[in-house]
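Written below as structure tokens is the structure these notes are about.
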Amino acid sequence: MSDPDEAAVNNRRKRRLDYDRQFRIKPLMNDIRRACLSNFHPRRNLSIHEWIVPSKAKKGLLAESKSKHTKRDFKMFVLTDSSNGYTMDYVVYSDKTTFPNGYGMAYDAVMSLMRPSYLGSGYHLYLDDFSSPKLFKNLLTLKMGACGTMREARLGFPRSEENALTKKSPRGSLRWIREGSLLFVKWKDAREVSMGSTIHQVYGGDTIQKGVKNKDDSWTRKSIPVPTPVMAYNKRKGSSRISDQLIQYFSVQQKTMRWYHCLFYHFVDIATTNSFLIHKELLKENGTEPMTKQAFIEKLTAQLCGVPLSEVHPSKTRKSRHTPVTIARVRRDGSEENKRMPCQQCKNSGNEDIRSSQWWCNACQVPLCVGIRDRNCFYQWHK
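Read left to right, the sequence shown gives residues 4 to 386 (our numbering).
Spelled out as structure tokens, the structure:
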């Protein structure tokens, strides 16, 4: 991926300020970044989020992470189009020298990805843990709006006991203050939500239905007002995870002890996923049904290998029996993580108390309660 002679020169600079920890992967990384930027023009709404790439490498471009499933992993900051999940740009974080500005990792990660020389202006950016008043104001000077959740401990976030929300504040309670073009909002849901925005008004009449507990421990459905920044954030950030989900399916990621091999596979995943998303966009404009991700990768692999893609006729399998199985998500390292999903039968029957179950029907692929004392949703569903 890099020139061996130049890599040897860089290795002799270890423990010096001019040592480049990303030298081995930088040629490939920059080529794919340029391809991502040049082959697709994003729509107005963008999102930046953090990716964690698992790795079993013992040394190299790694950082310890006690809060994640793997002991060592890679941290990437990714800029995506919120409408389809296309990866526009990304940065691999190695150490404090990754970002030269020195204003903090979150601030520097966003400013390094939001480059007007490549993107232009007029975009709306949606963030979560990266938000800060200073960042939002500086993005506004670049003619870019921003919206996202914001921690109250951030420097510049207004704190006033008179307008603070308390534990006794009812659901839907709203507090807000504006500093010029920057809006600060506090909203009470199941917990307190703090947000900032340079795009939206405070409230546009949006409401959602929520279950509210009464004094006699009964539950009723009530209409709760929702601030405009919260509604927009939930819509845009939800769609920004599309790329991450597509990469997890049919990933080429392999178990390897070389850190640069791990990132190489992840870069290939980004390139193939972006290609698939462009394929979907082009066929959508022509009114044609696009291929599935699996069919697209099979055809792409056959073209790259220069072999014909033979038609595969699926074998006739016996109809699956209706049996409960655990809902498991397979991680990239091959291990499984048990998941819980809302029971479909509880939803259909109109129960106020909708249970989350770790079981679903093997044939129906529907989450259902199993072994609950006061209900048997699995039996009722198939009755």
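Idealized CB from N, CA, C, for every residue including glycine.
### Query
DSSP puts residue 127 in a beta bridge; with which residues?
48, 148
### Task
Below 8 Å on the Cβ atoms is my guess for residue 384 versus residue 328; work out the distance and round it to an integer in Å.
Not confirmed; about 14 Å, so no contact.
### Query
residue 369 by DSSP, collapsed to three states: which one?
DSSP, read as helix, strand or coil, puts residue 369 in coil.
### Query
Cα-Cα, which of 127, 43, 17 is closest to residue 278?
43
#### Entry: Residues that residue 92 bridges to, as DSSP identifies them
Answer is 82.
### Three or more C-beta pairs below 8 Å linking the segment 164-179 and the segment 131-150
no
### Query
Where does residue 32 fall in DSSP's three states?
helix
### Query
Can you give the Cα-Cα distance for residue 71 and residue 52, rounded to whole angstroms?
Note on residue 71: pLDDT 44, under 50, position unreliable in the model; no value is reported.
### Query
Taking the C-alpha atoms as reference points, what is the distance between residue 239 and residue 86?
Spanning the two alpha carbons is a distance of roughly 8 Å.
### Task
Using DSSP bridges, identify the partner residues of residue 211.
227
### Task
Using three-state DSSP, classify residue 375 as helix, strand or coil.
strand
### Message
Here's the rule: buried if 16 or more other CB atoms are within 10 angstroms of the residue's CB, otherwise exposed. What is residue 261?
### Response
exposed
### Query
Does the pairing of the segment 215-233 with the segment 180-191 give three or more beta-carbon distances under 8 Å?
yes
### Query
Is there contact here, the segment 202-214 with the segment 104-114, by at least three beta-carbon pairs under 8 Å?
No, because fewer than three Cβ pairs between the segment 202-214 and the segment 104-114 fall closer than 8 Å, the two stretches do not touch.
#### Entry: Secondary structure of residue 232, DSSP reduced to three states
It is helical.
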